[in-house]
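Here the structure comes first, spelled out in C-alpha cells, and everything after it is commentary.
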Amino acid sequence: MKEVRTRFAPSPTGFLHVGSVRTTIFAWLLARHFGGKFLLRVEDTDQERLVPGAIRALLEDLAWMGIDVDEGPSRKDLEMVGELWEGAPEIGGPYGPYIQSLRRVRYQEVAEELIRCGAAYRCDCTPEMLERERLEQMARKELPGYSGYCRDRNVPASAKHVVRFRMPLKRSLTLMDAVKGRVTWDNISLRDMVLLKSDGLPTYHLAVVVDDHDMKISHVMRADEWLATAPLHILLYEALGWEMPVFAHLPNVMGNDGKKLSKRHGATHVSLFREGGYLPEALLNFVSLIGWAPGEGEEQEVFSRDELIKRFSLERVNNAGGIFDYSKLNWMNGVYIRNLSNEEFVKRALPFIEKAGLTPRLDRFNKVSAVVKERVRLMTEVPEMVAFLFTDKIERDLPAMFQKGIDAAKAREILLSAEKRLEAVQNFVAHDLEAALRPLEQEFSMKLGPLFGVVRIAVTGKKVTPPLFESLEALGRDDTMKRIRETLEALPSLQAA
RNA sequence: GUCCCUAUCGUCUAGCCCGGUCUAGGACGUCAGCCUUUCACGUUGAAAACACGGGUUCGAAUCCCGUUAGGGACACCA
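Below you can see the structure in the form of C-alpha cells.
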C-alpha cells in the first residue's frame, strides 16, 4: 500500500481557526493512523492578504495542539520569505520548498506545458474588461463569468496575461469522494478559470494540484467549499496525466446559530482557547468528535491522543456539517483537568495565576490542588478560587454570613467559639481542623452549612471556596487566626447598618 | 439564478450500506432527587429526535422519488 501522506495547507493570513483545525486534525489523524506523513504547506500565493508572523502563529498553534509536522517549511524557506524568527524549528523535507511563493518557477513550467498541449491558453483581458463584462451579464440577468473571449486568440507570451484553463464544454464527470461518496456533475458549470495570475503566481487551483502531486500527497483532505471546484482539479490531473489522490471533502464546523464560526460565538482561534484556559488535549478530543465517532454501539467519548490515532478512520467521518458546542467542550475540559495529576495541574495553572496578577505560593497551592482541580472547568477559573491563599488583601462578603437566623451578634459568637477551638488544635491539618469545628453544630443547634459559612467568609472572604478545612490548612495557623480576628473587629461596625 | 452537498433529541452522535432485535441507544446541556461544610465531583431519574409527502414491502429511521429547509461554490481569494 502506498504511503499515506496528508497535508495542511493554510494561507498565512492569521491564526489557526477552529473551523479549519478540524480538517487539520482529521488529516493529521489519518496520517498518524497509517504511520504516514503529515505535512504543512504554506499557500501564500495571494500576496495582498499576507499577514506577517502568521506562519509562526500557525506553527505554534499546531505545536500547542500536539499536532506534529513531518515535512514543512525549513528555516531557509522561512528566511527567504522574511518570516524566520528566533528559535524557529527546522522542519524541511525532501519535496521542498514548502512555501508556494518559493515554487513559482515550477507552476510556470506546468502552465506552459498546459498551454502547449492545448489544455490552457493565455488571456490578456484586463480586470476592467472583465468587470464590464460581468456588469453587462448581470444587467441581462445572466450568470456572471468569463466568456472565453481569448480562447482562440493566441495571445502572445509577451503581453501581460493570465493563463486560463480551457474548460471542456458539456463534460460530465464523477468523483468518488472518501467522505461524500459519489459526486456527479452532468454538465460542469465552471468557466475558464485562471490558473496563473498576471503577477506570475498561481491561483489556488494550479498550486494545489501541482504541489499535491509533487509532494506525493495521497489524500487531499480539505473543507467542503472546495467541492465545487474539484472538477477543475480533476481535469488538471487528467490533462497533466498525473495520478489522482484520494479526495475527502469535509463539511464545515459552524457556530450555534448554524452560521460560520465567528467571534460572536466565542473563541475562534486556537490561541484564544489556549488563553481561555482550555487544555490542548481536551480541545483535540472535542474537535475530533465533531463529525467523527467510533461508532457501532461504542459509547466512549474521552479519547487520548493515541486512542484517537488508533481508532480514527475516514470511513466513519460524517458527511453532515457540525456545530461547535462550547458547553460540551467546557465539560470535557473539566474532565481533562480532573484527570491531571496534582503536580501537572499545579504546573499548568501557575501561568494563569500569574497572569491574574497573583504571586503563587507553591507550599499553599500544593495543599489545595486536589480539591481545586475538581472544581474548575477552565484553567482561567483557578486564580479566583485560590486568590485568598496568595494575598492578604481580601474583601469579605460579610452580608453573605447572615442567613438562617445568623445576625452580626450571632456571627461574632460563632467566630469566637471557632477561634477558641482552632487555637486548641495541635496539628493544623484538615482532618483535625474538621474534628475541632464539627461540635459547633451542637453548640449552636444549627446546621453545619451556615456555621461553616461564617468561618469560610471570615477566612477566605467568599461564600464559594474550596472545602473549608483544606483551605485553612493551606493558609496555615497564623493567617487563619489573623483573619478571624480581623473579621471579629469588622463585625460590630456592621451591627449599626 | 445555476451547480453541488446535507438532513436522527436544543447540540455532538449510535443505528442506515446488509429493512424486522428501535416502544430509536449514549454524551453535553436542561429539570428534579440523592450525597454534602459552600461550590463542585459523583449518583438516580425525567423531559427531549427519525424534516415533510409519496412510493416499494407483510414490515422503513433504514431502500426509491419528490418537496422543504440549511450549507457551499459560481474572483487574476484561498
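Just so it is clear: in the first sequence, position 468 is 1340 by this note's numbering, and no numbers are missing. For every residue, glycine included, the Cβ atom is placed at its ideal position computed from N, Cα and C. Since we're looking at a predicted model, the values are computed, not measured.
CB TYR1198 to CB ASN1128, shorter than 9 Å? Going by beta carbons, TYR1198 and ASN1128 fall inside the 9 Å limit.
Got a sec, what are the start and stop residues for the alpha helix (DSSP H) HIS1303 sits in? Per DSSP, HIS1303 belongs to the alpha helix (DSSP H) from 1302-1309.
Host beta strand (DSSP E) of HIS1091 (start-end): Unbroken beta strand (DSSP E) run through HIS1091: 1091-1095.
Would you say the region 1014-1026 touches the region 980-997, given that touching needs at least three Cβ pairs under 8 Å? Cβ pair count under 8 Å is three or more, so yes.
Distance between LEU1104 and SER1090 (C-alpha atoms, nearest Å): Per the coordinates, the alpha-carbon of SER1090 lies some 18 Å from the alpha-carbon of LEU1104.
Distance check for ILE1209 and THR1101, CA to CA, integer angstroms please. Rounded to the nearest angstrom, the gap between the Cα atoms of THR1101 and ILE1209 is 43 Å.
Taking 9 Å as the threshold (C-beta atoms), are VAL1142 and LEU1161 in contact? Against a cut-off of 9 Å, the Cβ pair of VAL1142 and LEU1161 comes out as no contact.
Opposite GLU943 in the DSSP bridges: which residues? In the DSSP assignment, GLU943 forms a beta bridge with LEU911.
By DSSP, does PRO1255 sit in helix, in strand, or in coil? Under the three-state reduction of DSSP, PRO1255 is assigned to helix.
Helix, strand or coil, according to DSSP, for LEU1156 in the structure here? When DSSP states are grouped into helix, strand and coil, LEU1156 belongs to the helix group.
Buried/exposed call for ASP1239, threshold 16 Cβ in 10 Å: Residue identity check: residue 1239 is Lys in the sequence provided, not Asp. It counts as buried.
Start and end of the alpha helix (DSSP H) containing TYR1076? DSSP places TYR1076 inside the alpha helix (DSSP H), whose first and last residues are 1076-1086.
Check whether ALA1111 and ALA1029 have beta carbons under 9 Å apart: Not a contact, by the Cβ cut-off of 9 Å.
Where do the ends of the beta strand (DSSP E) carrying ARG877 lie? 877-880 is the extent of the beta strand (DSSP E) around ARG877.
Whose CA, out of LEU1041, TYR1018, ASP1049 and VAL1051, lies closest to the CA of VAL1375? For the chain, the structure presents residues 873 to 1369; residue 1375 sits outside this window and is missing.
Extent of the continuous beta strand (DSSP E) to which ASP1049 belongs: Taken as a continuous stretch (DSSP letters only), the beta strand (DSSP E) holding ASP1049 covers 1045-1049.
Three-way DSSP call (helix, strand, coil) for ALA1029 in this model: Here DSSP, grouped into helix, strand and coil, assigns ALA1029 to coil.
Excluding sequence positions up to five away, which residues of its chain have a Cβ less than 8 Å from the Cβ of GLY886? Within the same chain, GLY886 has close Cβ partners VAL923, ALA926, ALA929 and HIS1141.
Output the boundary residues of the alpha helix (DSSP H) element that contains VAL1326. Where VAL1326 is concerned, the enclosing alpha helix (DSSP H) stretches over 1320-1332.
With distances taken Cα to Cα, identify the nearest neighbour of LEU1015 among PRO1322, LEU1062 and PRO882. Ranked by Cα distance from LEU1015, the first of PRO1322, LEU1062 and PRO882 is LEU1062.
Express the C-alpha separation of ASP1350 and ALA1283 in angstroms, rounding to a whole number. One Cα belongs to ALA1283, the other to ASP1350, and the distance between them is close to 21 Å.
With a CB to CB cut of under 6 Å and the five nearest residues on each side skipped, what residues in its chain are close to PHE1145? If you ignore the 5 residues before and after PHE1145, its C-beta comes within less than 6 Å of the C-beta of ALA1139 and LEU1155, all in its own chain and listed in chain order.
With distances taken from CA atoms, which of MET1093, ARG1094 and VAL1081 is nearest GLY1113? Comparing Cα positions, the closest option is VAL1081.
Buried or exposed: which applies to GLN919, given that a residue is buried once 16 or more other Cβ atoms fall within 10 Å of its Cβ? GLN919 comes out exposed.
Measuring alpha carbon to alpha carbon, tell me which of LYS1219, ILE1278, SER1134 and GLU1147 ends up nearest LEU1320. Checking every option, the nearest Cα to that of LEU1320 belongs to ILE1278.
Is the region 1293-1304 touching the region 1214-1224 in the sense that three or more CB pairs, one from each, lie closer than 8 Å? The region 1293-1304 and the region 1214-1224 do not touch, with fewer than three beta-carbon pairs separated by less than 8 Å.
For PHE1274, the nearest candidate out of ILE1329, PRO1232 and GLN1298 (CA to CA): Ranked by Cα distance from PHE1274, the options ILE1329, PRO1232 and GLN1298 are led by ILE1329.
MET1087 versus LYS1334: straight-line alpha-carbon distance, rounded: Rounded to whole angstroms, MET1087 to LYS1334 spans 59 Å at the Cα level.
Pair every Cβ in the region 877-885 with every Cβ in the region 899-911, then say whether three or more of these pairs are closer than 8 Å. A contact exists between the region 877-885 and the region 899-911.
Near LYS1380, which residues of its chain fall below 6 Å by C-beta distance, leaving aside the five closest residues on each side in sequence? Residue coverage of the chain in this structure runs from 873 to 1369, which leaves residue 1380 outside it and unanswerable.
Among SER1241, THR1332 and GLY1167, which one has its Cα closest to the Cα of GLU1358? Closest in alpha carbon position to GLU1358, among SER1241, THR1332 and GLY1167, is THR1332.
Taking Cβ to Cβ, would you say PHE1217 is nearer than 9 Å to VAL1244? PHE1217 places its beta carbon less than 9 Å from that of VAL1244.
Quick one: complete beta strand (DSSP E) runs, 3+ long, within the region 885-933? DSSP runs (the beta strand (DSSP E)) wholly in the region 885-933: 909-912.
Would you say MET1039 and MET1010 are within 9 Å of each other, going by their C-beta atoms? No, they are not a contact pair.
How far does the beta strand (DSSP E) with GLY1277 in it reach, from first residue to last? Taken as a continuous stretch (DSSP letters only), GLY1277 belongs to no beta strand (DSSP E), as it is neither H nor E.
Any idea which residues DSSP pairs TRP1164 with across the strands? According to DSSP, which records beta bridges pairwise, TRP1164 is partnered with VAL1189.
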